[in-house]
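Inspection log for the structure reproduced underneath, given as structure tokens.
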Amino acid sequence: MTAEIAGQRGQFDLALDGYLRASERVKDVNVIQRAAKIALYVQDDAKLKQTVDLWLEVEPESLEVRYLVAVAALKAGDRQAAYDSIEFMLLNDPKAFDAQAISLIKNLSNQQSMALAYQVFADLSEKYQDNAQLYFVLALMDAQAHKIRPAQTNVSKALEVEPQWKKALLLQAQLFITQGKFAEATEVLQQIDELEESVQIKEQIAQLLIQQGRFSEAEKILQDLIKQYPENNELRFKLALVYLQTGEERQAQNILQSLIADPEYKDRAAFYLGSIEGKAKRNDEALVWLESVGAGPYKYEASISSILILMDEERYQEATLRLQGLKTEFPEKAIDLVLVESEIYAQQHLYQQAFDGLTSALLNAPNNKKILYARALSAEKLGKLQILEDDLKYILEQDPNDANALNALGYTLVDTTTRYDEAQAYLDRAIAIKPHEPIIMDSYGWLLFKQGRLEEAQKYLQRAYDLEPQSEIAAHLVEVLWALQRTKEAKELLNKALVKDPDDELLIELEARLLSTH
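With my numbering, the residue at position 417 of the sequence shown is 1098, and numbering never jumps.
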């Protein structure tokens, strides 16, 4: 009675002592059970062993006591006793064995007992090589220890014995996902779906297909699911995102607009509707949607998107005011917001303000690559080439394979100095890392031009322009074509570039210079 009252009051140590004394005196299985469960709960390993030994005397064939004997033995480091009890469970209740084994492992509190459990299950798998459950338990333990390769080996062994075991197939799929092997994971989940159709499995398959860029396949699965579950808004939202990826924006808009009425989906639907309108340059509509996004996970991105639209419309004062509000609302995003602020200044040609803001930010984050890179670009605009060089070299000290820093440093040396050999060393490394990056190809072509290697320069610049026809690349290619005396092609390209970007200062300056020398 004293033990019962102590247990009700949460005095478990006192209750355990009482039940243990009663167990030794009367050998009542119910009393022993109570003592054993309290000992397990309070993690008193010594008293747990004491109680399960008593219980085993009274009920040697009980699966419940064998389970607790195995736990106690593993905690005590008794490999043979653990082996005997786990084998008893395997032979006497095979259907529930894997669930019991998983529960047993959860009751182990330290690495030593876990390692011993792994040894015991491995010993049993050697004896019972046709038992899939043993391999499955080993695979689970491997996965929990982040030992992916052994886990994959053991789950494969389990599936060799039971090829259609859903639980093992799910584990195998999860292991593939952990390794980024999405195609293999998809195949396994499709195998499960063939065995037993499941909405959850089909959703997982669709998500994996999306991650692989297999949008048409994902679209088909989601459409079929929506026919079965037309009220499932999560499925409809995922389909809208797939439509955005496949360029079917009207279908995406229709779904997203229908989700606005659902409070759970209102903000995310508004965010994507704003993104669609912004992409189409319908800026007023975009701002209305983005500003309707409430507090939550989409608020920050919606606010940044609004600021970018205002910048695009050259409404810099409004953009700056909103940015100041974000600094207060999202202090954890301080670094990103400084970068946005520097871009607002840069677009207004206020390079000193951009430089000063980035310099201040470096006091709190001296190793931040993004800030260093942005400050280097601002320094270049101010003619502070030594600061540009120092910042970019500091980035490269941290990451010698930063292709953007290599390119920026190499291009600046080409464009503003005659240190072409040094520039080539940087640009050779950059183009080796990203051989198909148009901006790096442009820098390399500009280097070749400055070195007088005009034919080679033209090839690099033409490839860069074909991939990304931006104004600066066009200007460089025009220069090279002009130097090659291919003036007709140069003029045609210059005119085409000016039609696309009539206010580009580099193109305007180039046109004036070439016409004055013609």
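Beta carbons: idealized from backbone N, C-alpha and C, even for Gly.
As the structure is a prediction and not an experimental result, all values here were calculated from the model.
Put simply, of 1062, 1064, 1054 and 1063 the residue whose alpha carbon is nearest the alpha carbon of residue 1074 is 1054. Rounded to whole angstroms, the Cβ separation of residue 933 and residue 946 is 13 Å, and the two are not in contact under 8 Å. Minimum Cα-Cα distance from residue 1052 among the listed residues 969, 1192, 1015 and 799 corresponds to 1015.
Counted as a single uninterrupted DSSP element, the alpha helix (DSSP H) harbouring residue 1127 occupies residues 1119-1131. Here the stretch 750-757 makes contact with the stretch 765-779; the two share three or more CB pairs at distances below 8 Å. At the C-beta level, residue 1096 and residue 1127 come within 8 Å of one another. Counted as a single uninterrupted DSSP element, the stretch harbouring residue 978 is not any alpha helix (DSSP H), since DSSP gives it neither H nor E.
Around the beta carbon of residue 949, 16 or more other beta carbons sit within 10 angstroms, so the residue counts as buried. Unbroken beta strand (DSSP E) stretches of 3 residues or longer found wholly inside the stretch 878-921: none. Counting every other CB atom within 10 Å of its CB across the protein chains shown gives residue 1176 a total below 16, marking it as exposed. Out of 784, 807, 808 and 1006, the CA that lies nearest to the CA of residue 821 is found in 784.
By the neighbour-count criterion, in which 16 or more other beta carbons inside 10 Å mark a residue as buried, residue 978 falls on the exposed side.
Shortest Cα-Cα distance from residue 928 to any of 938, 896 and 907 involves 896. Non-local C-beta neighbours of residue 987 in its own chain, meaning closer than 7 Å and more than five positions away in sequence, comprise 968, 971, 972 and 1003, ordered along the chain. Of all alpha-carbon atoms in 1088, 938, 935 and 993, the one lying nearest the alpha-carbon of residue 962 is that of 993. Put simply, the backbone Cα of residue 1149 is about 17 Å away from that of residue 1173. For residue 988, the three-state secondary structure derived from DSSP is helix. Leaving aside the five residues that flank residue 1039 on each side, the residues in its chain whose CB is nearer than 7 Å to its CB run, in chain order, 1019, 1023, 1052, 1055, 1056 and 1059. Annotation: residue 1065 is outside any alpha helix (DSSP H) and is labelled neither H nor E by DSSP. In this structure, residue 852 sits away from residue 873, with a CB-CB distance that is not shorter than 8 Å. Within the same chain, and ignoring the five residues on either side of residue 900 in sequence, the residues whose Cβ sits closer than 6 Å to its Cβ are 923. Distance from the Cα of residue 1171 is smallest, within the candidate group 1183, 1143 and 1185, for 1143. For residue 1048, there is no enclosing alpha helix (DSSP H), as DSSP marks it with neither H nor E. In the assembly as shown, residue 1047 is an exposed residue. Its beta-carbon has fewer than 16 other beta-carbons within 10 Å.
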